[in-house]
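Residue 84 in this note's numbering is what sits at position 74 of the sequence shown, and the numbering runs on without skipping anything. Glycine included, every Cβ here is placed at the ideal spot set by N, Cα and C.
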Amino acid sequence: MPRKHIFITRPIADEGVKLLQKKYDVDIYEHDRVIPRAELLRRLKANRYDAVLTILTERVDEAFFKAAGPQLKVVANFAVGFNNIDLQAAKRRGVIITNTPGDEINESVAEHTIALLFALAHRIVEGDDYIRMGKFKGWNPSLLIGTDFIGKTVGVVGAGRIGMRVMQRIYDGFHIKLLYTNQTGNKEAEKRFGAQRVGLKELLQRSDFVTLHVPLVPGTHHLIDTAELKLMKKTAYLVNTSRGPVVSEKALVAALKAKRIAGAGLDVFENEPVIPEILKRLPNVVTTPHIASATIEARHAMSRVAAQNIIAVLSGKKALNSIV
Ligand code: GLV
Numbered sequence: 011m012p013r014k015h016i017f018i019t020r021p022i023a024d025e026g027v028k029l030l031q032k033k034y035d036v037d038i039y040e041h042d043r044v045i046p047r048a049e050l051l052r053r054l055k056a057n058r059y060d061a062v063l064t065i066l067t068e069r070v071d072e073a074f075f076k077a078a079g080p081q082l083k084v085v086a087n088f089a090v091g092f093n094n095i096d097l098q099a100a101k102r103r104g105v106i107i108t109n110t111p112g113d114e115i116n117e118s119v120a121e122h123t124i125a126l127l128f129a130l131a132h133r134i135v136e137g138d139d140y141i142r143m144g145k146f147k148g149w150n151p152s153l154l155i156g157t158d159f160i161g162k163t164v165g166v167v168g169a170g171r172i173g174m175r176v177m178q179r180i181y182d183g184f185h186i187k188l189l190y191t192n193q194t195g196n197k198e199a200e201k202r203f204g205a206q207r208v209g210l211k212e213l214l215q216r217s218d219f220v221t222l223h224v225p226l227v228p229g230t231h232h233l234i235d236t237a238e239l240k241l242m243k244k245t246a247y248l249v250n251t252s253r254g255p256v257v258s259e260k261a262l263v264a265a266l267k268a269k270r271i272a273g274a275g276l277d278v279f280e281n282e283p284v285i286p287e288i289l290k291r292l293p294n295v296v297t298t299p300h301i302a303s304a305t306i307e308a309r310h311a312m313s314r315v316a317a318q319n320i321i322a323v324l325s326g327k328k329a330l331n332s333i334v
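This is the structure in structure tokens:
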């Protein structure tokens, strides 16, 4: 029987690649950049792959499935989020879609979230800029006054796997008062971290730090818009390591410019990789280029999980993490 044929749309950590290469013929896009759409469709059409391992910058839609052909069994998305995939089209075509949740990615995103929280509270990036710009002329008791984290209230929007890990780290380290929103109650968060479930409105009103951990689905698009930002305290910070469009960037820029909130820590943006110039210039914003899950541990785990999902489906077994 001919070996099955797999396509990986961008070079990734090799742990999963090695697993796949043991069993299948594996093509990997040879450049470390987003594969041009036309090139992707051309390769799908020409090679009739049994499985494709995609990166979250690929649009997996009707045209993708049409080009890939009816033998395509599984698309393994190298990400926890799957907003780049048309799930209805996948269902219609009978293609299994998988993602890469796991302990390592929970940890990486939670730590990155906490890094942003602290960078804001202690004005780390502003301090770094200050030094690099040669402004530091000696100790000054009123220089770059921040705020302590301890004693504050943190609101976690979305108490899924990543939100839970954020709560755990904050609670273990700082015994912080935690509020959370979730579609269903999370008894474990309440019991282990004393977290209190509230509505979004109350969470925004009461929190000193708000951190977003929801998937991007139609119901969470612009979950944080002008009205929601108005509910936040003037001294509060917003951190987003979920997906950019969960926050209206226009509304956020307006709130930051008007100092209606104290600041924002952003790993994700509404129209990546485009980031409004004004956002880059605001001093009360800390940005990172969508790297919350970019640790060696998380990237290897994601590679392994994506490969295991493909192997399971192509061996006629249930995927580890199927979305449809
Ligand atoms: C990264 O953003 C992911 O969804 O894994």
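#### Entry: Anticipated Cβ contact below 8 Å, Phe203 with Leu188, distance rounded
5 Å
### Query
Is the segment 116-133 touching the segment 292-311, taking contact as three or more C-beta pairs under 8 Å?
yes
### Query
Would the C-beta of Gly91 count as close to the ligand NAP, meaning under 6 Å from any of its heavy atoms?
Only the ligand GLV can be found as ligands here, which leaves the ligand NAP out of the picture.
### Query
With distances taken from CA atoms, which of Gly26, Lys83 and Pro21 is nearest Lys14?
Lys83
### Message
Just to confirm, is the Cβ distance from Arg253 to Ala23 under 7 Å?
### Response
no
### Task
Determine the DSSP secondary structure at Thr157, reduced to helix, strand or coil.
coil
### Query
Do Ile38 and Ile65 have their C-beta atoms closer together than 7 Å?
no
### Query
Per DSSP, which one or two residues make a beta bridge with Asn250?
Leu222 and Leu276
#### Entry: Any non-hydrogen atom of the ligand GLV within 6 Å of Ser303 CB
yes
### Query
Out of curiosity, what's the CA-to-CA distance linking Ile45 and Val70?
13 Å
### Message
Just to confirm before moving on: does the CB-CB distance between Val295 and Ala265 stay below 7 Å?
### Response
no
### Query
Near Leu154, what residues of its chain come up, given a Cβ to Cβ distance below 8 Å and the 5 sequence neighbours on each side ignored?
Arg133, Glu136, Gly137 and Tyr140
### Task
Please list, in chain order, all residues of the same chain as Gly173 whose beta carbon is under 6 Å from its beta carbon, the five residues on each side excluded.
Val166 and His223
### The beta strand (DSSP E) enclosing Asn87, as first and last residue numbers
Val84 to Phe88
### Continuous beta strand (DSSP E) stretch holding Ile38: start and end
Asp35 to Ile38
### Query
Do Asp42 and Pro21 have their C-beta atoms closer together than 7 Å?
yes
### Task
Select from Asp218, Ile115 and Gly229 the residue whose C-alpha is nearest the C-alpha of Gly161.
Asp218
### Task
Tell me whether Gln193 sits in a helix, a strand or coil according to DSSP, three-state version.
coil
### Message
As a quick exercise: from Gly79, Ala317 and Glu68, pick the residue whose alpha carbon is nearest that of Gly56.
### Response
According to the sequence displayed, residue 56 carries Ala and not Gly. Of the candidates Gly79, Ala317 and Glu68, the one whose C-alpha sits nearest the C-alpha of Ala56 is Gly79.
### Message
For His185 and Lys269, what's the separation of their Cα atoms in angstroms?
### Response
29 Å
### Query
By Cβ distance, which residues of its chain are closer than 8 Å to Gly195, with the 5 residues on each side in sequence left out?
Arg207
#### Entry: Continuous alpha helix (DSSP H) stretch holding Ser74: start and end
Correcting the residue type first, residue 74 is Phe in the shown sequence and not Ser. Phe74 -> alpha helix (DSSP H) spans Glu72 to Ala78.
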